[in-house]
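Participant:
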C-alpha cells in the first residue's frame with residue numbers, strides 16, 4: 001500500500017470520509033433500534049448485522065483489506081473461520097443440552 | 001544443546017563490532033543463541049519436572065513411608081519427617097504436568113529446535129524479528145521463574161492439576177494465582193514465537209525454496225506455530241477470567257450455591273465450571289499436536305537421512321499435517337464426554353475425533369514405509385527415531401477408546417488416560433527430541449556425541465519407559481483412579497493391580513539412572529567430542545550442506561544458498577553420491 | 001547481517017515482514033477476544049435472566065444499567081480516531097509530514113478522550129456499588145471493556161512513540177516510517193473493530 005501516487009491517495013481520502021459518514025450513520029441506527037426495545041431475536045439480528053457491516057467497512061477500507069495481498073486475506077479468513085467455529089460450537093453445546101430456552105422456545 | 005561453547009570459537013575474530021558478553025550470550029538476538037538458551041532452560045525444566053514425579057512415585061509405591069536419602073531436605077508443611085502430605089502430592093502432580101508440557105517439551109521442541117533449525121533449513125540469515133525472538137525467550141524465562149517461585153508462597157504451588165479445573169482452582173490457595181500469572185507469560189512468549197516463526201517461514205525462504213521443497217520439519221513447525229497462534233489466546237482469555245474470579249471475586253466459573261467444607265461459598269454465582277473446561281481444552285487439544293508435530297518433523301528428517309532414501313509420500317504427509325492442524329480445533333470436547341453433553345454434540349466430537357486419527361496414521365505409515373528398501377544406518381539418532389514410531393503408535397491406538405464416549409466413560413480419569421498420553425509425549429515426543437539432540441548436536445557445536453553412551457541411553461530409556469507406562473494401561477482398565485494419593489491401597493478393585501505401583505516406581509528411578517550417560521555425554525562432548533565435518537550425516541537439507549558447523553555467528557551462511565530441488569534426494573539415480581544436497585547446482589541444465 | 005524484506009515487499013508474497021507479523025498478531029487477538037466473547041455467549045445462554053439481579057433489583061435490559069449515550073459518544077470518538085489515524089498515514093504517503101503530526105496528534109487526543117469518557121462511566125458504576133463481583137453481567141462488562149481499554153492504552157503508547165521519538169525515522173528512512181505508521185494503524189483500527197462489536201453486544205442487547 002505504500003506505492004501510491006499523490007492522486008491515488010487523494011482518492012483514498014475521499015473514500016475514508018465516505019466510510020466515516022456511513023459508520024456514524026450506522027452507529028446512530030444501532031442506538032435508535034436499541035431504544036425501540038424490539039424482542040430479543042430481531043434485536044440480536046439487527047445489532048449483529050449492523051456491527052458486521054461497520055466492521056467490514058473498517059477492515060476493508062481503513063485496514064486496506066480490499067486491496068491487500070492474498071497472503072493476508074487468507075490469514076484473515078482463517079482466523080474468522082475459526083472464530084465462527086468457536087462461537088457456533090460454544091452455543092450449540094448449550095442448546096443441545098438444554099434446548100432453545102434462550103430464544104423463548 | 002550446548003552452553004556457550006556452542007557459539008563458534010572461530011568467529012570471535014570475525015566479530016568486528018565487539019559485542020559484550022551480555023549482548024552475545026544473555027540478551028542475544030541471534031536465533032542460534034536463543035535456540036540454545038531455550039534448549040538449556042527446557043532441559044533443566046524437564047529434569048526438574050521428572051524429579052517431581054520421581055518423588056510422587058515413591059509415595060505411590062510405598063504410601064506413608066518416609067522418603068529415603070532426601071526426605072530430610074523438605075519442610076514440615078510438605079513432608080514432615082520425610083512422609084509426604086497429600087497437599088504436597090497434589091502440588092507435585094499439578095506442577096509436574098505444567099512444567100513438562102509448558103516449560104519442558106514445548107520450549108524444547110518449538111523454542112529450541114524450531115529456533116535453531118528452521119532459519120537454517122530454509123536458508124534465512126536469522127528470524128524475521130530477532131528482537132521479538134529475544135523477548136519471547138525472556139517472557140518464557142519469567143513465566144518459568146514465576147512457576148518455580150510458586151512452590152515458596154504460603155500453602156505452596158498450584159494443587160488443582162495441570163488442567164486447573166474450576167471451581168477447585170478458584171478456591172485454591174495463592175499458588176494458583178502464581179500459576180495463572182506464569183501461564184500468561186508463557187502464553188505471551190508462545191504468541192511472540194509463533195508470529196516470528198510464521199513470518200520467517202513465509203518471508204525468508206531462500207531463493208528456490210518453494211513451500212513444497214521445505215523439509216518436513218519446517219512444515220511441522222509451520223503448522224505448530226499456527227496452532228500456538230490461534231489456540232493459545234482463548235486460554236489467555238480463560239486465565240484472565242480465572243484471575244478475575246480469584247482476585248475480584250467475580251463468578252465466571254463459580255456456580256450458584258457452591259458448597260465447600262459444608263459452607264456455601266459467598267459469591268454471586270451463576271457462572272459455569274464447564275466454561276473453563278471449554279476454553280482450556282480449546283487450547284489444550286491443539287496443544288497435544290504442538291507437542292507431537294515437531295517430534296514427527298524431527299523423526300522424518302532423521303529417517304530420510306538414515307535410510308538414505310526420500311520420504312515416502314512427502315506430499316501426502318504435508319497435506320495430512322495441514323488437515324490435522326485444522327481438525328485439531330474441533331475435537332476438544334472429547335476430553336469432556338462425562339460432563340453430560342447432549343447427544344448431538346457427543347456424536348459430533350466422536351466423529352471429528354475418529355477423523356483426526358486418519359492424518360496421524362497417514363504420517364506414521366509414511367514414516368514406516370520410508371524405511372522399506374532403505375539402506376538403514378543404525379546411528380544413535382536413528383535408534384531414537386525408530387523408537388518413536390512404535391511408541392507413538394501405542395500412544396495413538398490407546399487413544400481410540402478415549403475418543404469414543406461409551407468406552408471413554410469408564411476409562412475417564414483412570415490410569416489408562418495417564419498411560420495413553422504419556423505414551424504419546426514421553427516415549428513418543430521425548431524420544432524424538434532426544435533423537436533431535438543427537439542429530440543436530442554436531443551442527444550446533446561442531447563436535448559429535450559419543451555413540452556408545454548414546455546407545456546405552458537409548459536402550460535404557462526405551463525399556464524403562466515401557467515398564468513405567470504399560471502397567472498404567474493395565475491399572476486403568478482395572479479402574480484405578482489417577483488421582484489417588486496412596487496409589488489405590490484402600491480400594492478392593494485395585495488390589496489385583498496394585499503390585500504394579502512398585503514396578504512403575506522402580507522403573508522411573510531406573511529411567512533416571514539411564515539419563516546420566518546422556519548428561520555426561522552432552523557435557524563431555526561439548527569440549528572433548530570428536531570434531532564433526534560441516535555435513536556430518538551426509539544430509540541433503542541445507543542446514544547441513546550449505547552452513548558450516550557451527551553456522552556463522554551472524555547470518556548463518558557465508559553466502560545465502562540457492563535451492564534447486566526437493567529436500568530428500570537421497571540415492572538419486574542421476575547423481576553419483578547417495579545424497580544430492582538441495583543447494584548443489586544441477587550438472588545438466590535439464591535437471592529439475 | 002541484514003534481514004531481507006524488512007522494508008521492500010517480498011516479490012512472491014507481495015508484502016513485507018512487518019505487515020505479515022502484525023496481521024498474525026491481529027489474528028491471535030481475534031482469538032483472544034473471541035475467547036472472551038464465547039465466554040459471554042456461554043454465560044448468557046446459561047443465565048435465566050440477563051442482566052439479572054443487581055443489588056436486589058431485577059434488570060431486564062442492559063441499557064437500564066449501562067450508560068448508552070456515553071457509550072455512543074465513545075463509539076463516535078473511536079471511529080473518529082480511526083479516521084485521523086488513516087489520515088496520518090495518507091499524509092505521510094503524500095509526503096506531508098506537518099499534516100501527519102496534526103492527524104497523529106488528533107488520534108492520540110481522541111484516544112485519551114475515549115479513556116476519560118470510560119473513566120466517567122466506570123466511576124458512575126463504582127459509585128452505585130456496581131462492582132464486578134455483583135453479578136456476571138457486570139463481571140463480563142468490566143473484563144471485556146477493561147481488556148479493550150488496556151488495548152487502547154497500548155495503542156496510545158505506540159502512537160505517542162511514533163508522534164515524538166519514533167518520528168526521527170522520517171528523516172532517515174521515510175519509506176520504512178510510512179510502513180510503520182500503516183502497521184500501527186492496523187492495530188488501532190483493530191481496537192476500533194473490537195469496540196464496534198462490544199458496543200451493541202454489551203450495551204444494547
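Protein chains in written order, with the numbering used here: chain D, 1 to 105; chain P, 1 to 592; chain C, 1 to 205. Note that CB positions come from ideal geometry on N, CA and C, so glycine has one too.
Taking 8 Å as the threshold (beta carbon to beta carbon), is residue 26/P in contact with chain D?
Facilitator: no
Participant: Decide if the region 417-428 of chain P is in contact with the region 340-354 of chain P; the criterion is three or more beta carbon pairs, one per stretch, under 8 Å apart.
Facilitator: no
Participant: Can you check whether the C-beta of residue 184/P is within less than 8 Å of a C-beta belonging to chain C?
Facilitator: Not a single CB atom of chain C sits nearer than 8 Å to the CB of residue 184/P.
Participant: Go through its chain and collect everything with a Cβ distance to residue 257/P's Cβ below 8 Å, but skip five positions before and after it.
Facilitator: 264 and 269
Participant: According to DSSP, is residue 254/P helix, strand or coil?
Facilitator: coil
Participant: Give me the Cβ distance between residue 64/P and residue 71/P, rounded to the nearest whole Å; I'm assuming they're in contact under 8 Å.
Facilitator: Not quite, the Cβ-Cβ distance comes to about 12 Å (not below 8 Å), so this is no contact.
Participant: Let me make sure I understand the geometry here. Which of 216/P, 252/P, 294/P and 249/P has the alpha-carbon closest to that of residue 225/P?
Facilitator: 294/P
Participant: Give the DSSP bridge partners of residue 562/P, in chain order.
Facilitator: DSSP, once it has assigned bridges, lists 207/P as partnering residue 562/P.
Participant: Using a threshold of 8 Å, state whether the C-beta atoms of residue 54/D and residue 196/C are closer than that.
Facilitator: yes
Participant: Can you name the residues of chain C whose CB is closer than 7 Å to the CB of residue 378/P?
Facilitator: Correct list: empty, because the minimum Cβ distance to chain C is about 39 Å.
Participant: Please report the residue range of the alpha helix (DSSP H) in which residue 71/P lies.
Facilitator: Careful: residue 71/P lies outside any alpha helix (DSSP H) and carries neither H nor E.
Participant: Applying a beta-carbon distance threshold of less than 8 Å, which residues of chain C neighbour residue 45/D?
Facilitator: Contact of residue 45/D with chain C by beta-carbon distance below 8 Å is absent, the smallest such distance being about 11 Å.
Participant: Starting from the C-beta of residue 537/P, find all residues in its chain whose C-beta is less than 6 Å away, skip the five residues before and the five after it, and write them out in chain order.
Facilitator: 305
Participant: Alpha carbon to alpha carbon, how far is residue 206/C from residue 483/P?
Facilitator: The structure shown has nothing for residue 206/C, since chain C only spans 1 to 205.
Participant: Please go through the same chain and pick out, in chain order, the residues whose beta-carbon is closer than 7 Å to the beta-carbon of residue 9/P, but skip the five residues on each side of it.
Facilitator: Any answer about residue 9/P is weak, because its pLDDT of 41 lies below 50 and its placement is not dependable; what the coordinates show is given next. Contacts found: none.
Participant: Just to confirm, are residue 540/P and residue 567/P a CB contact at a threshold of 8 Å?
Facilitator: yes
Participant: Evaluate residue 380/P with the Cβ neighbour count: other Cβ atoms within 10 Å of its Cβ, from every protein chain shown; 16 or more gives buried, anything less gives exposed.
Facilitator: buried
Participant: Is any beta-carbon of chain D found at less than 8 Å from that of residue 202/P?
Facilitator: yes
Participant: Starting from residue 393/P and walking both ways along the alpha helix (DSSP H), at which residues does that stretch end?
Facilitator: 380-403
Participant: Residue 31/C CB to nearest chain D CB: under 8 Å?
Facilitator: True, the Cβ-Cβ gap to chain D drops below 8 Å.
Participant: I'd like to know whether the C-beta of residue 196/C is nearer than 8 Å to at least one C-beta of chain D.
Facilitator: yes
Participant: Consider the Cβ of residue 5/C: report whether some Cβ of chain P lies at a distance smaller than 8 Å.
Facilitator: yes
Participant: I want to see whether chain D comes within less than 8 Å of residue 210/C, judged by CB atoms only; does it?
Facilitator: Only positions 1 to 205 of chain C appear in this structure, which leaves residue 210/C out of reach.
Participant: Should residue 68/C be counted as a contact of the ligand ADP given a C-beta to heavy atom distance under 7 Å?
Facilitator: Among the components modelled here there is no ligand, and therefore nothing to report on the ligand ADP.
Participant: According to DSSP, is residue 8/P part of a helix, a strand, or is it coil?
Facilitator: Residue placement at residue 8/P is flagged as unreliable, the pLDDT there being 43, under the threshold of 50; the coordinate-derived value follows with that caveat. In the structure shown, residue 8/P sits in coil (DSSP, three-state: anything other than H, G, I, E or B).
Participant: What residues from the region 11-37 of chain D come within 7 Å of chain C, judged by C-beta to C-beta, listed N to C?
Facilitator: 12, 13, 16, 20, 23, 24, 27, 30, 31 and 34
Participant: Could you check how far apart the C-beta atoms of residue 43/P and residue 108/P are, in whole angstroms? I think they sit under 8 Å.
Facilitator: 7 Å
Participant: Checking contacts by CB at 8 Å: is residue 249/P closer than that to chain C?
Facilitator: At a cut-off of 8 Å between C-beta atoms, residue 249/P counts as an interface residue with respect to chain C.
Participant: What number of angstroms, rounded off, separates the C-alpha of residue 125/C from the C-alpha of residue 131/C?
Facilitator: So the two alpha carbons sit approximately 7 Å from each other.
Participant: Using beta carbons (cut-off 8 Å, strictly below), is residue 28/C in contact with chain A?
Facilitator: In the displayed structure, chain A is absent; the protein chains listed are D, P and C.
Participant: Check the DSSP bridge columns for residue 447/P and list the partner residues they point to.
Facilitator: Beta-bridge pairing links residue 447/P to 531/P.
Participant: Rounding to the nearest angstrom, what Cα-Cα distance links residue 181/P and residue 135/C in this structure?
Facilitator: Distance between the alpha carbons of residue 181/P and residue 135/C is about 24 Å.
Participant: Taking all protein chains shown into account, do 16 or more other C-beta atoms lie within 10 angstroms of the C-beta of residue 551/P, making it buried, or fewer, making it exposed?
Facilitator: buried
Participant: Cα separation between residue 61/D and residue 69/D?
Facilitator: 14 Å
Participant: Of the residues 145/P, 325/P and 369/P, which one's Cα is nearest the Cα of residue 184/P?
Facilitator: 145/P
Participant: When the Cα of residue 117/P is compared with those of 32/P, 244/P and 160/P, which residue comes out closest?
Facilitator: 32/P
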